[in-house]
Amino acid sequence: MGNFLSLFLALVIAAITYGTPLLFGTLGEILTEKSGNLNLGVEGIMFMGGALGLGGVFYYEKAAGAGANGMIAVGIGILCAFLAGALASLIFSFLTITLRANQNVTGLALSIFGTGVGQFIGEYMRVRENGYIAIGNTLKGFFQNSPFPAFLQKIPVVGGILFGNSVFFYLGLLLAAGMFFFLNRTQAGLYLRSVGESPATADAAGIAVERYKYLATVIGGGVSAVGGMVYIMTIAGCVWNHEGLSGVGWLAVALVIFCMWRPLSAIWGSVLFGALMILYLRLVLPIVPTQLYKILPYVVTVIVLIASSMRNNKEKQPPASLGLAYFREDR
Amino acid sequence: MNHEKKIPLIRLAKRDGMESWKVWCIRCGSILFALLLGALVMALAGANPVTAYGTMISGALGKKSAIRQTVKIAVPLLGCALAIAPCFKMRFWNIGAEGQITAGAIAASYFALFWANRLPSPVLLLVMGLAGALAGGLWALIPAFFKAKWNTNETLFTLMMNYIIIGVVRWLQGGPWEGRKGSQIIPQFDEAACLPRVLGVHCGWIIVLVLVVFMHIYMNHTKHGYEIAVIGDSVNTARYAGMNVGRVMMRTMFLSGAISGIVGFIVASGANNTLYDGVAGGVGFTSITVAWLSQLNAFAMVGISGLLAVLSKGAETLQTRMAVPTSISDIITGILLFCMLGCEFFINYKLIFRGAGRKEARHG
Amino acid sequence: MEHNVCAIELKGITKRFGEVVANDGIDLQLNRGEILSLLGENGSGKTTLMNMLSGIYFPDEGQIFVNGEPVSIRSPKDAFAHGIGMIHQHYKLVDVFTAAENIVLGLEEGGKLDIKAAEAKVRDICRRYGFDIDPGQKIYDMSVSQKQTVEIVKVLYRGADILILDEPTAVLTPQETDKLFEVLRAMKADGKAIVIITHKLHEVMALSDKVSVLRKGKYIGTVKTSETSPQALTDMMVGHAVTLNIDRPRYETPVGRLEVKGLTVLDGEGVKKLDGVSFTALGGEILGVAGIAGSGQKELLEAISGLCLVNQGEILYTPDGQPPANLVGKTPMQIRKAGVAMAFVPEDRLGMGLVGSMGMTGNMMLRSWKKGPGVFLNRKDPNELALRVWKELEVVTPGTDFPVRRMSGGNVQKVLVGREIASAPSVLMTAYAVRGLDINTSYTIYNLLTEQKMKGVAVIYVGEDLDVLLELCDRILVLCGGKVSGVVDARSATKEQIGLLMTRLGGKEGA
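These protein sequence lines map, in sequence, to chains A, B and C.
Counted from 1, the first sequence has number 367 at position 298 by our numbering; the numbering is strictly sequential.
Counted from 1, the second sequence has number 723 at position 354 by our numbering; the numbering is strictly sequential.
Counted from 1, the third sequence has number 940 at position 463 by our numbering; the numbering is strictly sequential.
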């Protein structure tokens with residue numbers, strides 16, 4: 070029994086590790102989609118965030134040498150990734166909001182562009198730095214280890230789960246809570262939701278529809294990009310690994326649907342998805358081939374999508390104007 | 370009273386149509402602009418843009434073998450864009466071509482792997498093609514069914530379907546169809562299951578060119594094409610004209626998936642001679658942009674998929690000759706798509722500047 | 478004194494849309510504690526005028542004064558700043574929000590959302606004027622009248638003291654209407670200035686202090702309600718009969734073609750749109766259908782052509798030399814094949830019956846696309862038809878493949894009507910066939926319809942212009958609130974008579 074428990078705890082901790090990049094990716098996309106913009110470029114955005122985040126930290130360490138400060142490094146990683154994602158989403162926003170291009174097609178184009186940019190920068194740095202990009206072990210620790218003191222982590226049973234995760238998981242929790250508060254308890258959050266539901270109504274109420282869409286999409290893109298950086302700096306071990314990162318962005322899009330556009334559900338959703346991503350390593354059942362485990366997140370998402378459309382519950386639907394361009398004179 | 374102040378500086382209005390030479394000027398201008406931006410990227414990466422573009426063009430079109438490679442890249446792009454066109458015409462956002470290619474490739478591979486010695490090559494290839502079409506079609510039918518029945522969001526549904534089927538290939542690769550144990554690779558197809566070459570390239574290019582003509586006729590000269598166009602314009606009008614919208618939706622998605630499935634067969638049998646999880650390799654997504662930028666015109670797709678293939682093949686040469694990572698092609702492709710997407714705005718809308726706007730209003 | 482300053486004053490307001498003059502030099506005055514009815518037929522420019530007060534449109538000429546001060550209203554926000562709030566016909570509410578959330582939408586930027594305080598304030602307003610809504614209820618759970626209440630409270634919440642209501646009673650039951658009027662009276666007593674846009678005379682008489690009448694974009698005059706009568710208002714609204722000289726030959730041997738018995742149609746919300754409608758349409762006559770907008774004309778045509786569900790009643794159709802058949806329950810396709818054609822010109826002109834992105838040929842095909850064997854479209858016949866319509870109806874277009882969306886309104890209508898006539902129907906229904914057309918084009922359409930009549934076709938003509946109905950049709954069926962309020966002989970009836978029937982004054986339920 071004790072063996073089973075420790076196995077389970079190890080699974081949860083690993084699931085949290087794998088879920089954290091998803092959590093950021095998803096939270097960013099929730100914010101974007103709440104404004105009615107369906108940005109399918111998350112995959113590209115996370116690539117850009119991963120590559121630029123890694124680059125930022127690498128060059129910071131190179132410049133600061135032994136005096137590199139872990140906190141500053143984490144901050145630089147987040148900042149670089151965020152700016153990369155924000156910039157990518159700015160392109161998306163300009164094309165879809167101002168120039169009214171089709172959102173699906175623009176998002177896919179951004180996916181192609183972003184994976185290209187991420188991959189290019191990753192490769193380029195590798196070539197320029199003579200084949201190897203590595204972060205020192207001290208700094209690595211700041212990205213991968215728990216920010217809490219050891220005695221807390223050693224609390225039996227719950228210590229590891231509660232206090233043993235990387236700093237990003239806790240930041241993600243704060244972000245999810247903050248976003249919940251923003252969307253449901255502030256005026257700006259209410260207005261943003263109205264823009265995503267019915268831009269014509271928001272417009273008539275004097276809400277600056279385009280400004281909300283821009284802000285939500287750009288900030289959302291930045292948040293998603295941080296997820297890419299988290300993946301590279303934690304799971305990939307601070308080296309550029311495009312194969313590992315590929316697909317994470319799409320998984321984040323799936324998770325948005327799975328958690329029905331609710332930031333708090335994204336927390337447990339991301340841990341669940343994280344568990345599904347690594348379950349094949351931990352829980353080998355002879356009847357289920359390991360590779361089929363990996364499609365579970367998508368299968369579950371499809372089921373949720375179908376169920377929500379069949380039940381037709383008004384509360385559990387995508388933002389009503391998701392994916393549609395708004396042009397006042399079209400009314 | 371000062372009226373000038375009340376009119377915003379720039380207003381937008383839908384354009385009533387533009388002469389076609391102007392439209393093409395804008396589109397070509399956007400391509401040139403994109404290439405200029407691309408040059409900037411290359412310069413930033415430390416390559417001389419002029420040399421780099423030269424290298425790309427000679428790398429993609431300079432030699433016969435290069436052209437063959439380029440055509441090989443263009444074939445699935447074009448095929449898939451053709452598949453997507455009727456869905457988009459109907460405003461059904463099928464972004465699941467990636468998965469439909471894969472589904473088709475799986476079905477074709479089944480026959481390639483297990484029936485190769487039981488059937489003569491032409492029959493085998495025919496069976497593979499048909500199986501690919503059927504599998505791709507059925508895979509596409511699933512989201513269409515739910516869309517028709519419960520109005521399930523097709524964009525998200527088709528997107529998810531991609532990763533499910535790709536996961537199935539990974540399973541096949543590491544499990545039932547694995548070649549050497551532990552290799553995670555499906556064995557190469559028997560000679561009989563590989564598409565024959567014509568002019569040095571697998572004959573998939575002929576199939577795709579036939580599909581171009583087929584799709585052009587289907588979209589413009591058949592009753593089905595007409596139904597699709599009417600539904601895309603107005604579902605109400607379609608009902609008024611007695612069309613069964615749900616049925617047309619499912620039928621069109623089946624057709625679209627079937628063509629993607631054939632593309633999957635072509636790629637597996639002609640280009641790779643095996644099946645692996647990257648059989649679609651992003652083609653399903655890139656081809657969506659091809660279809661959209663071609664305004665769903667089958668012949669324009671030939672040009673645009675060719676352009677993207679040249680960029681992609683050229684970038685490979687760029688890497689070997691100038692040590693610029695191949696991902697530069699994705700970047701330039703991305704920039705190209707952005708510019709072409711953006712330029713449609715200037716074709717569809719006109720900007721009315723303050724002052725000019727008042728004149729406009731008076732003339733109506 | 479305050480009473481000397483008008484809450485709102487309009488001077489010489491003119492608004493044009495392209496060539497069409499929607500409002501032509503309109504003057505209007507409204508005081509506090511007063512209810513003004515803005516009366517006029519459909520298309521007389523009432524809504525356009527009020528949209529200029531609420532910041533949707535900006536006037537081309539003229540000046541608006543609020544409380545005696547000249548103002549310029551550029552956006553709905555400006556309108557609110559001047560205390561003007563408009564309740565549009567189509568409610569602008571977010572379905573998944575509660576009433577209170579909708580009400581505070583866009584009010585101020587930044588800060589915490591204090592929904593409790595907002596709900597308290599909403600309750601306060603409700604108590605003051607006697608509204609009955611729960612601020613915590615979601616919009617999708619509400620009835621139409623509750624949604625309207627939310628819109629009104631929204632305006633009051635913003636501190637509006639000038640309220641404009643665009644046909645507020647169109648969607649309400651009589652009981653709900655009474656309740657609304659009580660509320661409006663309470664607001665008037667509170668010193669608010671209220672404009673209600675309407676074309677229902679009994680409501681005007683029951684509610685307002687004074688009435689301003691518009692006709693075809695022009696200001697006709699303002700009268701005190703206490704000093705006028707429904708008849709006088711009808712005269713102002715419809716104007717004097719104008720002679721149009723439409724050729725109206727008589728068809729010698731009209732035969733029964735379509736017999737509608739007790740037709741009842743409910744809309745999605747369960748509201749009766751048609752209520753026991755019965756009439757006969759004869760082959761060889763034009764049956765006009767008159768009525769205020771939204772009296773059931775659209776539903777009547779849709780029911781006959783099979784596009785909307787019939788809840789009760791029969792539609793018996795007698796083709797040449799065949800026994801009558803009931804059309805209820807048949808598909809639109811079957812009905813059209815049987816020879817019943819409809820040309821409905823909706824407000825946005827496209828949308829139903831036309832494919833905007835296609836040219837004339839493509840649109841001609843909408844009727845014939847299924848014809849012929851095989852998978853290929855027959856383009857030849859539709860193209861010939863398109864060429865014929867192009868030539869005979871003088872459609873102005875660069876070619877038969879030019880998208881109809883880009884044609885001017887009149888030409889679009891010619892395409893629509895031309896196609897329906899070309900299918901050689903035995904029943905031809907048209908609605909608003911001359912909507913927005915110039916005189917000459919209108920005459921072309923009238924002549925086409927008369928031609929059809931003389932071929933023995935039963936023509937049903939739904940129209941807005943009473944002058945035209947009186948001169949074009951043989952008989953006129955008047956609808957009011959989904960019921961038939963009378964059928965008159967167009968050769969002997971007067972405009973006033975129809976006007977009264979339209980507002981039910983001639984019927985049993987006079988105001």
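Backbone N, C-alpha and C define an ideal beta-carbon position, used for all residues, glycine too.
Distance between beta carbons of Y568/C and E653/C, contact taken as under 8 Å: Start at 1 with the first residue of the third sequence, and residue 653/C comes out as number 176. Start at 1 with the first residue of the third sequence, and residue 568/C comes out as number 91. Not a contact, Cβ separation roughly 14 Å.
Limits of the beta strand (DSSP E) - the one that N500/C falls within: Residue numbering aside, residue 500/C sits at position 23 when the third sequence is read from its first letter. Here the beta strand (DSSP E) through N500/C covers V497 to L507.
Contacts that K383/A makes with chain C (C-beta to C-beta distance below 8 Å): On the first sequence, position 314 is the one that residue 383/A refers to. In chain order: D572, V573, K615 and Y617.
CB-CB length for S180/A against G88/A, believed under 8 Å: On the first sequence, residue 180/A is found 111 positions in, with the first residue counted as 1. On the first sequence, residue 88/A is found 19 positions in, with the first residue counted as 1. Actually they are not in contact, since the Cβ atoms of S180/A and G88/A sit about 22 Å apart, beyond 8 Å.
Length at least 4, wholly inside the stretch 677-744 of chain C: the alpha helix (DSSP H) runs in chain order: 678-684 and 707-715
N- and C-terminal bounds of the beta strand (DSSP E) containing V543/C: To locate residue 543/C, count along the third sequence from 1; it is residue 66. Taken as a continuous stretch (DSSP letters only), the beta strand (DSSP E) holding V543/C covers E538 to V543.
C-beta neighbour in chain B for R169/A, strict 9 Å: If you number the first sequence from 1, residue 169/A lands on position 100. Taking Cβ atoms only, chain B reaches closer than 9 Å to R169/A, which makes this a yes.
Close Cβ partners of L545/C (< 6 Å) along its chain, the five nearest in sequence each way excluded: Here residue 545/C refers to the residue found at position 68 of the third sequence. The sequence as given places Gly at residue 545/C; Leu does not occur at that position. Within the same chain, G545/C has close Cβ partners V482.
Cross-chain neighbours of V852/C in chain F, by beta carbon under 8 Å: Looking for chain F here will not work: the only protein chains present are A, B and C.
Chain B contact residues for G830/C, given Cβ-Cβ distances below 8 Å: The residue you call residue 830/C lines up with position 353 of the third sequence. Per Cβ cutoff of 8 Å: T606 and Y609.
Distance between beta carbons of C563/B and S638/B, contact taken as under 8 Å: Position 269 of the second sequence holds residue 638/B. Position 194 of the second sequence holds residue 563/B. Confirmed, about 6 Å.
Min CB distance I364/A to chain B below 9 Å: If you number the first sequence from 1, residue 364/A lands on position 295. With 9 Å as the cut-off, I364/A counts as an interface residue toward chain B.
is_contact[D699/B, chain A] using C-beta, thresh 9 Å: Here residue 699/B is taken as the residue at index 330 of the second sequence, counted from 1. With 9 Å as the cut-off, D699/B counts as an interface residue toward chain A.
Amino acids of chain A, ordered along the chain, whose beta-carbon sits closer than 8 Å to that of G976/C: Along the third sequence, read from residue 1 onward, the residue named residue 976/C stands at position 499. By Cβ distance, chain A contributes nothing, its closest Cβ being about 32 Å from G976/C, past 8 Å.
Residues that D559/B contacts on chain C, provided the C-beta gap is smaller than 7 Å: Taking the first residue of the second sequence as position 1, residue 559/B is located at position 190. The contacting residues do not exist; D559/B stays about 37 Å from chain C at best.
Test: S603/B CB closer than 9 Å to a CB of chain C: Against the second sequence, residue 603/B aligns to sequence position 234. For S603/B, the answer is yes, since a Cβ of chain C falls inside 9 Å of its Cβ.
Any chain C beta carbon closer than 9 Å to A389/A: For this step, residue 389/A is matched to residue 320 along the first sequence. Nearest CB-CB separation between A389/A and chain C: below the 9 Å threshold.
Start-to-end residues for the beta strand (DSSP E) that takes in F494/C: Your numbering for residue 494/C matches position 17 in the third sequence. Looking at the DSSP string, the run of the beta strand (DSSP E) that includes F494/C is I485 to F494.
Buried or exposed (CB count within 10 angstroms, at least 16 for buried), Y804/B: For residue 804/B there is no data in the structure shown, the boundaries of chain B being 370 and 733.
For H593/B, the three-state DSSP class (helix, strand or coil): As a first step, residue 593/B is located in the second sequence; it is residue number 224 there, counting from the start. It is helical.
Buried versus exposed call for W393/B [16 or more other C-beta atoms within 10 Å across all chains shown]: By 1-based counting over the second sequence, the position of residue 393/B is 24. Under this definition W393/B is an exposed residue.
Nonlocal neighbours in the same chain, by C-beta distance under 7 Å from A610/B, ignoring five residues either side: In the second sequence, residue 610/B corresponds to position 241, counting from 1. Shown here for A610/B: same chain residues with a beta carbon closer than 7 Å to its own, the five before and five after excluded, namely V599 in chain order.
Below-9 Å beta-carbon distance, Y532/B vs any chain A residue: Here the question's residue 532/B lines up with position 163 in the second sequence. Taking Cβ atoms only, chain A reaches closer than 9 Å to Y532/B, which makes this a yes.
For Y645/B, three-class secondary structure by DSSP: As a first step, residue 645/B must be located in the second sequence, where it is residue number 276. In the displayed model, Y645/B falls within coil according to three-state DSSP, outside both helix and strand.
Euclidean distance between Cα positions of L926/C and L677/B: In the third sequence, counting from the first residue as 1, residue 926/C sits at position 449. In the second sequence, counting from the first residue as 1, residue 677/B sits at position 308. Near 56 Å, if we compare the C-alpha coordinates of L677/B and L926/C.
Selection from K523/C, E511/C, L505/C and V573/C that minimises the alpha carbon distance to F542/C: By one-based count along the third sequence, residue 542/C stands at place 65. The shortest Cα separation from F542/C among K523/C, E511/C, L505/C and V573/C belongs to L505/C.
Opening and closing residue of the alpha helix (DSSP H) in which D752/C lies: Residue numbering aside, residue 752/C sits at position 275 when the third sequence is read from its first letter. Per DSSP, D752/C belongs to no alpha helix (DSSP H); it is in the beta strand (DSSP E), K749 to G760.
Coil, strand or helix - I204/A by DSSP: For the purposes of this step, residue 204/A is taken as residue 135 along the first sequence, with counting starting at 1. It is coil, neither helix nor strand.
Counterpart residues of T695/B in DSSP-defined beta bridges: In the second sequence, residue 695/B corresponds to position 326, counting from 1. The partner list for T695/B (beta bridge, DSSP) is empty, contrary to what the question assumes.
Neighbour list for A477/B in chain C, Cβ cutoff strictly below 9 Å: Within the second sequence, numbered from 1, the residue matching residue 477/B stands at position 108. Neighbours of A477/B on chain C: none; closest Cβ ~27 Å, over 9 Å.
Per-residue DSSP class, three states only, for L513/C: In the third sequence, the residue the question calls residue 513/C occupies position 36. Of the three classes helix, strand and coil, the one that applies to L513/C here is strand, per DSSP.
For H571/B: DSSP bridge partner residues: What you label residue 571/B is simply residue 202 of the second sequence in a count that begins at 1. Answer by DSSP bridge pairing, in chain order: R566/B.
Contact check, L451/B vs V652/B, beta carbons under 9 Å: Looking up residue 451/B in the second sequence gives position 82. Looking up residue 652/B in the second sequence gives position 283. Cβ atoms of L451/B and V652/B: not closer than 9 Å.
Residues that E578/C contacts on chain A, provided the C-beta gap is smaller than 7 Å: Numbered from its first residue, the third sequence carries residue 578/C at position 101. Ordered by position in chain A, the residues that pass the 7 Å Cβ test against E578/C are L259.
Straight-line gap, R280/A to V287/A (C-alpha atoms, nearest Å): As a first step, residue 280/A is located in the first sequence; it is residue number 211 there, counting from the start. As a first step, residue 287/A is located in the first sequence; it is residue number 218 there, counting from the start. Between R280/A and V287/A, the C-alpha separation is close to 11 Å.
Cβ-based neighbour list, F249/A, same chain, cut-off 8 Å, excluding 5 preceding and 5 following: Taking the first residue of the first sequence as 1, we reach residue 249/A at position 180. So the qualifying residues of the chain are R331, P332 and L333.
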